[in-house]
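>
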Amino acid sequence: MPLESRIVLLEADTSACCMECKEVETLEYLFVYDPDAVFHKTRYINQLLEYCQTSIVVIWDADIILPYEQLETAVKAIVEQRYIVSIPYNRIVWTLNAKQSIDYEESGEGYFYLLNRTQCYSQMMGKCSCGGVLVVNREGYLKCGGDNEKLYGWGPEDVERIHRMEILGYPVYWVNSGPLFHLWHPRGKNSWFISEELAFANRVELIRVCNMEREELVEYINSWRK
Numbered sequence: 151m152p153l154e155s156r157i158v159l160l161e162a163d164t165s166a167c168c169m170e171c172k173e174v175e176t177l178e179y180l181f182v183y184d185p186d187a188v189f190h191k192t193r194y195i196n197q198l199l200e201y202c203q204t205s206i207v208v209i210w211d212a213d214i215i216l217p218y219e220q221l222e223t224a225v226k227a228i229v230e231q232r233y234i235v236s237i238p239y240n241r242i243v244w245t246l247n248a249k250q251s252i253d254y255e256e257s258g259e260g261y262f263y264l265l266n267r268t269q270c271y272s273q274m275m276g277k278c279s280c281g282g283v284l285v286v287n288r289e290g291y292l293k294c295g296g297d298n299e300k301l302y303g304w305g306p307e308d309v310e311r312i313h314r315m316e317i318l319g320y321p322v323y324w325v326n327s328g329p330l331f332h333l334w335h336p337r338g339k340n341s342w343f344i345s346e347e348l349a350f351a352n353r354v355e356l357i358r359v360c361n362m363e364r365e366e367l368v369e370y371i372n373s374w375r376k
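First residue of the sequence shown: 151, per my numbering; consecutive thereafter.
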């Protein structure tokens with residue numbers, strides 16, 4: 151099933167670093183001036199979901215590599231099986247260091263170069279993962295609240311998203327045929343909790359959502375729109 155798609159790249163900062171992306175015909179580049187030291191990822195994902203008018207949207211971190219086949223399976227789960235959210239990998243994320251990422255880029259061999267070298271890479275945080283990329287039915291996901299903007303900065307939005315969907319009665323589809331790969335990049339202040347206070351607030355929000363029954367959660371989500 152060939153997938154027709156367009157790419158929308160959003161950069162939020164005090165100055166644009168990716169202006170050259172405007173020259174890429176298959177990519178739409180958006181820059182948002184944002185002086186906030188904390189990158190409010192959940193808010194920008196929701197803005198992109200509202201901006202994009204396609205029925206299916208892939209939310210994809212820029213440092214992630216996965217094969218077309220896994221993405222196709224995830225899309226089919228939404229189109230044919232009516233899932234609202236699908237995750238196109240098997241909960242395993244292999245991370246590359248700086249040299250390994252350069253070697254991959256220079257190889258020109260694509261995904262299978264990585265797949266044949268998993269023994270050389272480290273598993274993300276040494277445990278199962280659920281972030282990096284997801285496929286959503288745009289309208290259905292927005293009705294379920296979209297991303298939770300009360301999660302501010304780096305935090306547990308990926309875990310919260312899955313639990314929220316399950317509480318609402320919409321299980322998440324997983325593509326179990328292969329892993330995800332995470333390329334190296336410099337780690338800035340938004341690659342971890344900026345403060346203990348913010349970390350605590352985000353964890354409290356995760357626990358709040360996970361402890362709700364469906365009716366309570368629906369009411370809570372409706373309050374986000376007020």
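Even for Gly, the Cβ is constructed at its ideal location relative to N, Cα and C. These numbers were taken from a predicted model, which means no experiment stands behind them.
Considering only their Cβ atoms, is the gap separating residue 299 from residue 356 smaller than 7 Å?
As a position in the sequence shown, residue 356 is number 206, starting the count at 1. As a position in the sequence shown, residue 299 is number 149, starting the count at 1. Remark: C-beta atoms of residue 356 and residue 299 do not approach each other more closely than 7 Å.
> From residue 334 to residue 224, what distance separates their C-alpha atoms?
Residue 334 sits at position 184 when you count from the first residue of the sequence shown. Residue 224 sits at position 74 when you count from the first residue of the sequence shown. Each residue's alpha carbon lies about 25 Å from the other.
> If I follow the unbroken alpha helix (DSSP H) through residue 198, where does it start and stop?
For this step, residue 198 is matched to residue 48 along the sequence shown. Unbroken alpha helix (DSSP H) run through residue 198: 191-201.
> Please confirm if the region 197-206 is in contact with the region 279-294, defined as three or more CB-CB distances below 8 Å between the two stretches.
yes
> What are the start and end residues of the beta strand (DSSP E) that includes residue 333?
Here residue 333 corresponds to residue number 183 of the sequence shown, with the count starting at 1. First-last for residue 333: undefined, no H or E at that position.
> If we ignore side chains and look at the alpha-carbon of each, how far apart do residue 321 and residue 308 end up?
Position 171 of the sequence shown, counting from 1, holds the residue named residue 321. Position 158 of the sequence shown, counting from 1, holds the residue named residue 308. Those two C-alpha atoms are separated by around 14 Å.
> Answer with buried or exposed for residue 352, where buried requires no fewer than 16 other C-beta atoms within 10 angstroms of its C-beta.
Taking the sequence shown and counting its residues from 1, the one referred to as residue 352 is at position 202. With 16 or more Cβ atoms within 10 Å of its Cβ, residue 352 is classed as buried.
> Does the count of Cβ pairs from the region 240-250 and the region 324-331 closer than 8 Å reach three?
For the pair of segments examined, the region 240-250 was found to touch the region 324-331: the number of CB pairs separated by less than 8 Å reaches three.
> Please report the straight-line C-alpha distance between residue 251 and residue 343, rounded to a whole angstrom.
What you label residue 251 is simply residue 101 of the sequence shown in a count that begins at 1. What you label residue 343 is simply residue 193 of the sequence shown in a count that begins at 1. About 25 Å.
> In this structure, does DSSP put residue 159 in helix, strand or coil?
In the sequence shown, the residue the question calls residue 159 occupies position 9. Three-state result, residue 159: strand.
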